[in-house]
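In what follows, a single structure is set out as structure tokens and then discussed.
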Amino acid sequence: MRAAAVEAAPAWTIRAGSEVVDLDADGTVLGRAAWNPADVAGAVSSRPDTRWVWADTAAVYPEFLAAGTRVDRAWDLRLSRRILRLSPLVDAAARLAAPDVWDRAAEPMPVSDALFALTDGPVLGVDDLVAELSRQRALTDGAADAARLRLLLHAESAGALIAAEMHAAGLPWDRAAHERILVEVLGARAASGAPPEKMQQLAAVVRAALGDPAASLDSPPKLLRSLHRVGVMVASTSRWELAEQQHPVVEPLLEYKKMARLLSANGWGWLDEWVRDGRFRPVYIPAGVVTGRWASNGGGALQIPRQLRPAMRADPGWVIVDADVAQLEPRVLAGMSRDARMATAARGLDLYEGIVATGAVATREEAKYAVLGAMYGATSGDSGRLVPRLRRAFPAAMALVDDAARIGEEAGAVSTWLGRGSPPPEDAWLALQSLSTEEGTDAAVSERARRSARDRGRFTRNYIVQGTAAEWALCWLAEIRHRLSQLPAVVDAPTADRSGPAFARRAHLVFFLHDEVIVHAPAAQAEQVAAIVVEAATAAGRRMFGTFPIDFPLDVAVSPAGGAVTADG
DNA sequence: GCAAACCGCGCG
DNA sequence: AAAGCGCGCGGTTTGC
């Protein structure tokens, strides 16, 4: 018999509404308590080894951060539920069939300062969470590969913690540096409403080339008509098509479009709206993309142009540690297919050069287009023509993506390496497919059905690779977070107040973009942090692929500002 | 008059 | 030497 329940340390702690419930490792309730908002730090520190459980990290965890504390481990019931519903590792009969109160509340909820998610939609009581955790643990423990599924759910939940923490910490952003770039590229800011100086001048040049001083440059249909009038017979105004034309309007117009994009997407208005106190605080949405990738909401965090990277600037005495994985997706493909030849080609920093060395293709560029074509399902163009060569060189890897495409075309489901299942086809898709098999079907309908099937095949082909890459990245992030938390805090950091949460007094994650992380670190810890990021990549590879010899090399740059040039061009 | 749909382009 | 995947956003046009 174990000791009295009240004295046992909880393994799980559920937080909902105004209550906290502690559970032991078996899920037996150890005790219930009222939640005390005045002592969040005490609630955390008195349960050093627990895993915190809640319905929605984005709704609950900001209160912890605002109170100056963090948690080591979490279980996000909403994110886990979405995975368990579709995972092929879970017995199909045990998966949920009908939507219920959880699903109505299960729209991706952004991480934000407001706690509106708590009052939006159906309210879940703490007993609902106790029951849901029990159900999810049973599904996970009984899964075809429990360890693998558990890794995915833990990584997913760790990602949710990190998303909230990165929002709270903010990305160090130098308004003056950003404005210098704007002025250099666009010219001085003009009176309100008017475009900046250089843009006005360039617009005049474009209009002169169009022979129309009143030509509209910002409306694609009008611009298209203007182009046709001067003999530029393009079908659209997109850049790649214009670039093929020989006409004096092309060069200034492309330049103008670049400027207009910078102004509207990341101009002074963006700075005013998104940068406060030297921090850009985007809203991250973990698993906001169907493959498991993160999405973002507001501020275009995942689309910051490289042009503006130098505006990312560390605080005085701190540095930016910027790391990205070289060719993450093909490496992940080699790992999941156990393709030893591809893994050999991936040894070293440049997988594309490794492929050239096998003799499959002649140049690095060819290798790149062949690999992209293989993962995206290219059928034509230079990329499509190169794919068969890859199929001969790496049959195991190619069989995996080719099978995924075939399954998708046949309305089937595919899965990532850790068990995130792809969504089923939509009803309209199924209806079109069955319509095309009926007798006497119109040829046009059959063609639409075939195209729609191939579209889905390209989706499932890419799903397994993109989704597994997202899983690798979650493991990497979680490892980095854990290792950074072991570093000593810099108590007298000059920016401790400005950075807000207490965890920001030590090196902390401030940005994540699919295969790249940025850590804001005290300069004295720069080398330690760089080593942590590299070790975490190795650890993530082991967690995902065990002893299979696939490398995940990084480009790492340490500097006061973003956009630093790394050794690998 | 408002919202959905479309375009074009930024990111991986 | 592409036109194959996944996104968000601002601006304009289109549809009700």
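In terms of this note's numbering, the first sequence opens at residue 1 and continues consecutively. Ideal placement from N, C-alpha and C gives every residue a C-beta, glycine not left out. None of the values given here were measured: they were computed from a predicted structure.
Could you tell me if residue 551 is buried or exposed, where buried requires 16 or more neighbouring beta carbons within 10 angstroms of its beta carbon?
buried
Could you compute how far the alpha carbon of residue 289 sits from the alpha carbon of residue 159?
14 Å
Count the C-beta pairs between the region 303 to 313 and the region 170 to 185 that are closer than 8 Å, then say yes if the count reaches three, no if not.
yes
Could you work out which residue in 137, 223 and 378 is closest to residue 23 when comparing CA atoms only?
137
What are the boundary residues of the alpha helix (DSSP H) that residue 34 is part of?
Counting along the chain, residue 34 falls outside any alpha helix (DSSP H), though it belongs to the beta strand (DSSP E) covering 29 to 34.
According to the neighbour-count rule (16 or more other Cβ atoms, all chains shown, within 10 Å of its Cβ), is residue 525 buried or exposed?
buried
Alpha-carbon to alpha-carbon, residue 514 and residue 314:
22 Å
Do you know offhand how far residue 368's Cα is from residue 522's?
37 Å
Rounded straight-line distance, which links the Cα of residue 356 to that of residue 62
49 Å
Residue 141 - DSSP class collapsed to helix/strand/coil:
helix
Quick one: what's got a C-beta closer than 7 Å to residue 120's C-beta in the same chain, skipping five residues either side?
The predicted model places residue 120 with a pLDDT of 48, which falls under 50 and marks its position as unreliable; any figure quoted below should be read in that light. Counting only Cβ-Cβ distances below 7 Å, and skipping sequence neighbours, we find nothing.
Give me the Cα-Cα distance between residue 191 and residue 215, rounded to the nearest whole angstrom.
21 Å
Residue from 266, 176 and 223 whose Cα sits closest to the Cα of residue 207:
223
Keeping to the same chain, check which residues put their C-beta closer than 6 Å to that of residue 362; ignore five residues upstream and five downstream.
none
If the criterion is Cβ atoms closer than 8 Å, does the pair residue 560 and residue 320 meet it?
yes
Quick check on residue 312: does DSSP put it in helix, strand or coil?
strand
Endpoints, the alpha helix (DSSP H) within which residue 356 is located:
351 to 358
Report the rounded CA-to-CA distance for residue 175 versus residue 527, giving the unit in angstroms.
27 Å
Measuring only the C-alpha atoms, how far is residue 203 from residue 269?
21 Å
Bridge partners - residue 51, DSSP secondary structure assignment
12
Would you call the region 266 to 282 in contact with the region 427 to 445, where contact means no fewer than 3 C-beta pairs closer than 8 Å?
no
From residue 481 to residue 509, what distance separates their C-alpha atoms?
7 Å
Of the listed residues 164, 276, 88 and 299, nearest to residue 424 (C-alpha basis)
88
Run of the alpha helix (DSSP H) containing residue 455, from where it starts to where it stops:
443 to 485
Helix, strand or coil for residue 421, going by three-state DSSP, please let me know.
strand
Taking the alpha helix (DSSP H) that residue 202 belongs to, which residues open and close that run?
197 to 209
Throw me the rounded Cβ distance for the residue 79 and residue 287 pair, which I believe falls under 8 Å.
6 Å
Between which two residues does the beta strand (DSSP E) harbouring residue 520 extend?
516 to 522
What are the boundary residues of the alpha helix (DSSP H) that residue 184 is part of?
175 to 186
Find the nearest neighbour of residue 473 within the set 438, 102, 544 and 422, judged by alpha-carbon distance.
544
Would you kindly work out how many angstroms separate the C-alpha atoms of residue 394 and residue 48, rounded to a whole number?
48 Å
Alpha carbon of residue 337 to alpha carbon of residue 403, nearest angstrom:
11 Å
Look at the alpha carbon of residue 366 and the alpha carbon of residue 387, and state the distance between them as a whole number of angstroms.
10 Å
Specify the secondary structure class of residue 532 as computed by DSSP and reduced to three states.
helix
Buried versus exposed call for residue 353 [16 or more other C-beta atoms within 10 Å across all chains shown]:
exposed
State the beta-bridge partners of residue 318 as determined by DSSP.
522
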